[in-house]
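Chemist:
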Amino acid sequence: MGEGRDPLDDARSVPRVDGVVVAVLEHLHRRPFPAPGREALAVIGRHQHAPSPDERTLYVANSDPEHAVRMAYDLADDGTVGAGRGFFDATPWVGEERPGLPDGLAVDRDGNLFATGPGGVLVLSPDGRHLGTLDTAQATANCAFGDDGGTLYVTADAYLLRMRLRTTGLGF
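One point on numbering: in numbering that gives the first Met the number 0, the residue at position 93 of the sequence shown is 92, and numbering is uninterrupted.
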């Protein structure tokens, strides 16, 4: 991190800290949101996000038990955000039998999302279909591809899990 830089610049990998942040926050929270600033950056940081392989879509998690959704936002060539749409609604799954809420996510090279949520890591196709769940039996916070791209690391409650998969993470 360079001298004089705000640590939030590195801690939150938001594509743009202008209209993108405000538009996403207003859409998720269904209310006007203040101009981009430290408050907006802190809130968007709680909504985990990742781009699609072609960088035309931004996926964002909303960790609200009453509106536990993954949203997809169109991204223009200049990085501005377009229309948001529901990608996957996990709200009906929220409860004691399936601990956890939408939070972290990782994308594989085929565009499938490995998205933490109720019950573990939900595997979602690029069109939002639920393909299956990696059941952790714990509230699961985050996941990321590592090593050679074929390993998924998962943080679940008090555990760090490592799983070999038959796919490769985006960027490997």
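Cβ atoms here follow ideal geometry from the backbone N, Cα and C, with glycine treated the same way. The structure displayed is predicted, hence computed values, not measured ones.
1. Can you tell me where the beta strand (DSSP E) with Ala-62 in it begins and where it stops?
2. Using 8 Å as the cut-off, can you tell me whether the stretch 45–64 makes contact with the stretch 96–109, which would need three or more C-beta pairs spanning the two stretches below that distance?
3. With H, G and I counted as helix, E and B as strand and the rest as coil, what does DSSP make of Pro-101?
4. When you compare each of Ala-143, Gly-94 and Glu-95 to Asn-111 by their alpha carbons, which one comes out closest?
5. Secondary structure at Pro-91, three-state DSSP: helix, strand or coil?
6. Under a three-way DSSP split, which group does Asp-109 fall into?
7. Which residues does DSSP pair with Arg-161 in a beta bridge?
8. Where does Arg-128 fall in DSSP's three states?
9. Compare the C-alpha of Pro-64 against each of Ser-124, Thr-154 and Pro-117 and name the closest.
10. Three-state secondary structure (DSSP) at Leu-133?
11. Work out the CA separation of Thr-139 and Gly-78 for me, nearest whole Å.
12. Does the stretch 157–164 touch the stretch 66–77, meaning 3 or more C-beta pairs lie closer than 8 Å?
13. How is the beta strand (DSSP E) around Leu-169 delimited, first residue to last?
Modeler: Quick look at the numbers:
1. Numbered from its first residue, the sequence shown carries residue 62 at position 63. According to the sequence displayed, residue 62 carries Ser and not Ala. Element bounds for Ser-62: 56–63.
2. Yes, since at least three Cβ pairs between the stretch 45–64 and the stretch 96–109 fall closer than 8 Å, the two stretches touch.
3. Position 102 of the sequence shown, counted from the start, is the residue given in the question as residue 101. Coil.
4. Here residue 111 is taken as the residue at index 112 of the sequence shown, counted from 1. For Asn-111, the closest of Ala-143, Gly-94 and Glu-95 by C-alpha to C-alpha distance is Ala-143.
5. Within the sequence shown, residue 91 is the residue found at index 92, counting from 1. Looking at Pro-91 - three-state DSSP - the assignment turns out to be helix.
6. As a position in the sequence shown, residue 109 is number 110, starting the count at 1. Assigned with DSSP and collapsed to three states, Asp-109 falls in coil, not helix or strand.
7. By 1-based counting over the sequence shown, the position of residue 161 is 162. Its beta-bridge partners are Tyr-152.
8. In the sequence shown, the residue the question calls residue 128 occupies position 129. DSSP places Arg-128 in coil when its eight states are reduced to three.
9. Within the sequence shown, the letter at position 65 stands for residue 64. With distances taken between Cα atoms, Pro-64 lies closest to Pro-117.
10. Taking the sequence shown and counting its residues from 1, the one referred to as residue 133 is at position 134. Shown here, Leu-133 sits in a strand according to DSSP, grouped into three states.
11. What you label residue 78 is simply residue 79 of the sequence shown in a count that begins at 1. What you label residue 139 is simply residue 140 of the sequence shown in a count that begins at 1. So the two alpha carbons sit approximately 30 Å from each other.
12. No, because fewer than three Cβ pairs between the stretch 66–77 and the stretch 157–164 fall closer than 8 Å, the two stretches do not touch.
13. Your numbering for residue 169 matches position 170 in the sequence shown. Looking at the DSSP string, Leu-169 is not in any beta strand (DSSP E), and its letter there is neither H nor E.
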